[in-house]
Amino acid sequence: MSDDCLFCKIGAKQIPAKLVYEDAEIFAFEDIHPQAPTHILICPRKHFASLGEASAEDQALLGKMLLVAAQLAKERHLQEGYRTIFNNGRGAGQSVFHLHLHLLGGRSFRWPPG
Numbered sequence: 002m003s004d005d006c007l008f009c010k011i012g013a014k015q016i017p018a019k020l021v022y023e024d025a026e027i028f029a030f031e032d033i034h035p036q037a038p039t040h041i042l043i044c045p046r047k048h049f050a051s052l053g054e055a056s057a058e059d060q061a062l063l064g065k066m067l068l069v070a071a072q073l074a075k076e077r078h079l080q081e082g083y084r085t086i087f088n089n090g091r092g093a094g095q096s097v098f099h100l101h102l103h104l105l106g107g108r109s110f111r112w113p114p115g
């Protein structure tokens, strides 16, 4: 845990958020500025700023994040489709530097993303 990280503080329940999933390795909560009817952020409890800081030892954790996204999508009846996104770096739109996976659903998305 990083003492100055917003998402670490949410995971430690020092800052309130609407948690929708948590276990020993991962927590997930609703985005406060949703970009779709369903917009959930899935975070590892382990702090790393972006995917670029992950290593081979993080493979299982990263895979589990995707499986949690699929589970949450199923629970929210997003069978019409959903999007999962990792933004890495300011140029990609990352604004909180704790790795997190966006789960978006409940509306149509276009390709390419803009």
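Residue numbers for the sequence shown follow my numbering, beginning at 2 and rising by one.
Just so it is clear, CB atoms sit at the ideal spot from N, CA and C, and this is done for glycine as well.
- Per the coordinates, the alpha-carbon of P45 lies some 10 Å from the alpha-carbon of M2.
- Across the structure, Q36 and L105 are spaced so that their CA atoms are roughly 7 Å apart.
- Unbroken beta strand (DSSP E) stretches of 3 residues or longer found wholly inside the segment 87-115: 102-106, given in chain order.
- For the options I43, A61, K14 and E31, the alpha carbon positioned closest to that of L100 is the one of I43.
- Ranked by Cα distance from L102, the options A70, G82 and D5 are led by A70.
- Counted as a single uninterrupted DSSP element, the alpha helix (DSSP H) harbouring L62 occupies residues Q60 to E76.
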